[in-house]
Structures are given as structure tokens and as C-alpha cells.
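A quick write-up on the structure given underneath.
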Amino acid sequence: MSEAGRLLDELQDILRSAKYLKAEERQDLAEILRGWADSQAVAPAEPQGGFPQKFGMVGKSPAMEKIFALLGKIVHTDVSVLIAGETGTGKELVAEALHQHGGRRKGPFVAVNCAAIPATLLEAEIFGHKKGAFTGAHQDRVGYAASAAGGTLFLDEIGEMPMELQVKLLRFVQEGEVRPVGSNQMEKVDVRVVAATNKHLPEQIKKGLFREDLYYRLAVLTVELPPLRDRATDVLLLADFILHKKGVEGVPTAVLSSSAKKELLAYAWPGNIRELQNVLARAAAFAEKSEIKSSDLSLSAN
1 MSEAGRLLDE LQDILRSAKY LKAEERQDLA EILRGWADSQ AVAPAEPQGG FPQKFGMVGK
61 SPAMEKIFAL LGKIVHTDVS VLIAGETGTG KELVAEALHQ HGGRRKGPFV AVNCAAIPAT
121 LLEAEIFGHK KGAFTGAHQD RVGYAASAAG GTLFLDEIGE MPMELQVKLL RFVQEGEVRP
181 VGSNQMEKVD VRVVAATNKH LPEQIKKGLF REDLYYRLAV LTVELPPLRD RATDVLLLAD
241 FILHKKGVEG VPTAVLSSSA KKELLAYAWP GNIRELQNVL ARAAAFAEKS EIKSSDLSLS
301 AN
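FYI, my numbering numbers position 271 of the sequence shown as 271, with every residue one higher than the one before it.
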């Protein structure tokens, strides 16, 4: 955590414990703290191993500098954020950055992949369930939303959520209330909701696949992540960082030859950074004398 972040935490703790202040005085002090946080919001570069980083992400391309500048403005807000971008562009990294550099950093960060959980179980996974609510519910279970209390709930692949569950999620985002499956009691939960999607939600709304009211609740602030093909100056930087990280972790690694660098720069990267990671992992495994040549790269046709 940065020195500015630690100081902000200390100031917020002081504010919470300052019971002697009148309500209007506490509000004035809170406004001062928020203004100070905004002035400190742009995170400095965090070089690790010689790699330029901000908010835990590597990059120095104009496209990423715009993302860093945007994050600097919104990390200390507490409203819902929608992160949009193609598969493999690093949406969860952005969600983690919003959490780790924001006012909820002391709370939990809970990530849920809405596409990885069967639709019939998704409601119980997010909102929890009571014993006997359905076959196999042998005991009460706290859902992901309640587990994220005081912190951030990250809903990845939100575009895959069934319409019937979107109604319940809307109430949760609006009111901060959840009702576990099998219960008739509403429970208050204090979380920040960050959602992500690789779908174009306005188009999904037109097709009747996503609720317009939920979209506007989730997209109070929107972060549009650029695809790797629009970050040409970051490709080799990311490749070197990925290989360096593997070496630090003790995984066999290699360096890039000139021919391999040319191949990486000429490729369109439809799978973005995730594809780059996979390509380099395979190439390093087959490289001779720890040098990756163009023949070691298994790139799909552009």
C-alpha cells in the first residue's frame, strides 16, 4: 500500500472514532478527506524489475495511460463500476485495482464468474440459502454478496446472468439488500459492486437479453479496456514481464529472439493478454538454449 493510502486509512479511522463531533462537523471532515483523497488519487508508477506499472498493471502505451488516468479519478469513489472489454484484456486486474486503491481496501474482495456457475445455482451462490431451501441444501450458507460485506463484490461476465436473476440483482444494487434462497427475511449488506463483461450490453438490451435499468445501475462509471492490438507499444513490454515473472516464480523461462519479437508485433492477438501468456508459456517450454525463436511460437492465422 502507498504512503498516501496508509495515511488516508489513518484519517478515516480517526473520523470514525471522533464521536465528539457534531453530525455536520463529521460531514465537513468527511468532505475534506474525500477532497484530499482525490488529490492523491493518481497512482505513481510502480516499477518492478524495471517494468513500468500503475495500479498493479504493466503498460506505457497511450491507450493504457488513459486507463490509468481514469482509474486515478475513480478509485476513491464508492459507486458501481462496469468494466467492458474483450476476453483476456485484464478486467479482473482493474476490479482488483479499484478495490486495493480505494476506501474499501481493508475489506474483502470477492470475485464471482457468472458464466462459470449453472444458472440454477447462481442465485444461491450470490445471495446465499437457508437449510432445506432445495435438494442438497443441508445447512445455511452465506452467499458471495454477504461475504463481501465492507469490501467489493466483483461480478465477472455479468452479461451471462439470466434475466430472472437480474431483477433480484437490481434490488440488491439499489437497496443494498439480499434475501437468501428459502428465506422471507431481507438482509442489509454494505458492498461496492464492480461488474465486467465482454459483451456489448446496449446491444444485449435491444435484444431483450439484459435489463436496461440494471445496466444503468451498474454502469454509473464505465471503464472500457483496450484490446492488445491497440497497445502495440506494450506487446514486447508485456512479453518480457511475463517471462520475467515466470523466472521469479521458478518456472523454466527464456528470452525472445529478434525473429520472435517481430512475430509478436505482427500478430493481432484476438485472445489479448491471456493469449500472449499462453503462447509464451508454450514457447518457453520448447525453446532451445533458453531462446524463443519465431518457429517456437504457435500463433493462429491473423
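For glycine and all other residues, C-beta sits at the position ideal for the given N, C-alpha and C.
If you're wondering where the values come from, they're calculated on a predicted model, not measured in any experiment.
- For the pair V193 and V220, the CB atoms are not nearer than the 7 Å cut-off.
- Counting only residues of its own chain and dropping the five nearest sequence neighbours on each side, E86 has a CB closer than 7 Å to the CB of N198, P227, N272.
- Taking the C-beta atoms as reference points, Q166 is found no nearer than 7 Å to L218.
- Secondary structure at H244: helix, using DSSP grouped into helix, strand and coil.
- Between K60 and E125, the alpha-carbon positions lie close to 38 Å from each other.
- By the neighbour-count criterion, in which 16 or more other beta carbons inside 10 Å mark a residue as buried, S80 falls on the buried side.
- C-alpha of G143 to C-alpha of E177: approximately 12 Å in a straight line.
- Here H99 has F109, T152 as same chain residues with Cβ atoms under 6 Å from its own Cβ, once five neighbours each way along the sequence are excluded.
- Across the set Q139, P118, K188, V255, the C-alpha of K188 shows the shortest separation from the C-alpha of A148.
- If you look at F109, you'll find it in the beta strand (DSSP E) that goes 109-113.
- Rounded to the nearest whole angstrom, the CA to CA distance from M64 to T89 is 11 Å.
- If you draw a straight line from the Cα of R171 to the Cα of M57, it comes to about 33 Å.
- Classified as exposed, Y216 has fewer than 16 neighbouring CB atoms from the shown chains inside 10 Å of its CB.
- Taking the C-beta atoms as reference points, A145 is found nearer than 7 Å to F127.
- For the options L256, L209, V191, A266, the alpha carbon positioned closest to that of E175 is the one of V191.
- Inter-residue distance for I83 and I67 is about 11 Å (C-alpha atoms, whole angstroms).
- Excluding the 5 residues flanking it on each side, A195 has same chain C-beta neighbours closer than 6 Å at L82, L155, I158, L218, in chain order.
- Counting the other CB atoms within 10 Å of its CB gives P180 a total of 16 or more, which places it among the buried residues.
- Judged by DSSP in its simplified three-state form, A145 adopts helix.
- Counting C-beta atoms within 10 angstroms of its own C-beta, A254 has 16 or more neighbours from the protein chains shown and is therefore classed as buried.
- According to the DSSP secondary-structure assignment, E224 is paired through a beta bridge with A84.
- Contact check for A283 against L297 passes: the beta carbons are separated by less than 7 Å.
- In the DSSP assignment, V194 is bridged to V81, F154.
- By the C-beta density criterion, L121 is exposed, having fewer than 16 other C-beta atoms within 10 angstroms.
- The shortest CA-to-CA distance from E291 to any of A266, S259, W269, E275 is the one to S259.
- In the DSSP annotation of this structure, the continuous segment of the alpha helix (DSSP H) that includes E175 starts and ends at 163-175.
- Of the residues D230, K91, V75, the one whose Cα lies closest to the Cα of A266 is D230.
- Within 10 angstroms of the beta-carbon of H101 lie 16 or more other beta-carbons, which makes it buried.
- F51 is positioned such that its CB atom lies no closer than 7 Å to that of L71.
- Per the coordinates, the alpha-carbon of L201 lies some 10 Å from the alpha-carbon of G208.
- In this structure, V223 lies near V94, with their beta-carbon atoms less than 7 Å apart.
- Straight across, the Cα-Cα distance linking A285 with K246 is about 11 Å.
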